[in-house]
Amino acid sequence: MGFRRRQTETPRVDLTPMVDVVFLLLIFFMISTTFVETPGLSINLPKSSLQQIKKNAREVRVYLHADGTIYLEKDKVSSEQLVDRLQSFGADAAETSFLLMADKDVKHGRVVQVMDTAKTAGFRNLAIATEKKP
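For the sequence shown, this note's numbering assigns the number 779 to the last residue and increments by one with no breaks.
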């Protein structure tokens, strides 16, 4: 009797589940590392056709919401606290850019007041953020 020997297959690893996991991890990290400029704050910037200015390495962002509330970076501050916090920059204020991100519905007087506060605190580079016109 001539029995044929069965050839044993070498064990193979199925890579499909591993590729799926890698893609899911990639998607997770892409979504979790997106940077949101105004977390939890919706500000409708006015539209402008002007050019974008050079971005300074050191800048202070102040958000002015439509209802008049002020946020310095991520902290909600009052007008008095804003004055104190901006004056705490001292001599560094001259080299630091002051970027005001004011909602388009904020009253003009409030914007001028915040810009004046920055100027008296020693900031020389003042900018107002806008969105580019389509």
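Each residue gets a CB set at the ideal place from its N, CA and C atoms; glycine is no exception.
Inside the region 654 to 684 only - alpha helix (DSSP H) runs reaching at least 4 residues: 661 to 677
Please name the residue, chosen from Phe-673, Thr-655, Ala-711 and Gly-767, that lies closest to Phe-740 on a Cα-to-Cα basis. To locate residue 740, count along the sequence shown from 1; it is residue 95. Looking at the sequence provided, one finds Glu at residue 740 rather than Phe. When only C-alpha atoms are compared, the closest one is Gly-767.
Along the chain, where does the alpha helix (DSSP H) containing Glu-725 start, and where does it finish? Taking the first residue of the sequence shown as position 1, residue 725 is located at position 80. Segment 724 to 732, the alpha helix (DSSP H) holding Glu-725.
Only counting the same chain, and skipping five residues up and downstream in sequence, which positions put a Cβ closer than 8 angstroms to that of Thr-661? Here residue 661 refers to the residue found at position 16 when the sequence shown is read from its first residue. Around Thr-661: no qualifying Cβ.
From the DSSP output, in three-state form, read off Lys-777 for me. The residue labelled residue 777 in the question sits at position 132 within the sequence shown. Of the three classes helix, strand and coil, the one that applies to Lys-777 here is strand, per DSSP.
Any contact of the region 746 to 753 with the region 710 to 722, i.e. 3+ C-beta pairs under 8 angstroms? yes
For Lys-721, which residues in the same chain have their Cβ closer than 8 angstroms to its Cβ, ignoring the five residues on either side in sequence? As a first step, residue 721 is located in the sequence shown; it is residue number 76 there, counting from the start. For Lys-721, where only same-chain residues beyond five positions count, the Cβ hits under 8 angstroms are Thr-714 and Ile-715.
Report all residues from its chain with a CB closer than 8 angstroms to the CB of Leu-727; omit the five preceding and five following residues, and keep chain order. As a working mapping, residue 727 is identified with position 82 in the sequence shown. If we look at Leu-727 and ignore the five residues flanking it on each side, its Cβ neighbours are Val-707, Ile-715, Leu-717, Val-759 and Thr-762.
Any idea what DSSP makes of Lys-764, helix, strand or coil? Reading the sequence shown from its first residue, position 119 is the one you call residue 764. Here Lys-764 sits in helix by DSSP.
Residue closest to Ser-733, alpha-carbon to alpha-carbon, out of Gly-754, Ser-677, Val-756 and Thr-765: Within the sequence shown, numbered from 1, the residue matching residue 733 stands at position 88. Taking only the C-alpha atoms, the option nearest Ser-733 is Thr-765.
Roughly how many angstroms lie between the CA atoms of Asn-770 and Ser-742, to the nearest whole one? Within the sequence shown, residue 770 is the residue found at index 125, counting from 1. Within the sequence shown, residue 742 is the residue found at index 97, counting from 1. Roughly 5 angstroms between the two C-alpha positions.
As a quick exercise: from Phe-668, Arg-649, Ala-736 and Ile-773, pick the residue whose alpha carbon is nearest that of Leu-745. Reading the sequence shown from its first residue, position 100 is the one you call residue 745. Minimum Cα distance to Leu-745 is reached at Ile-773.
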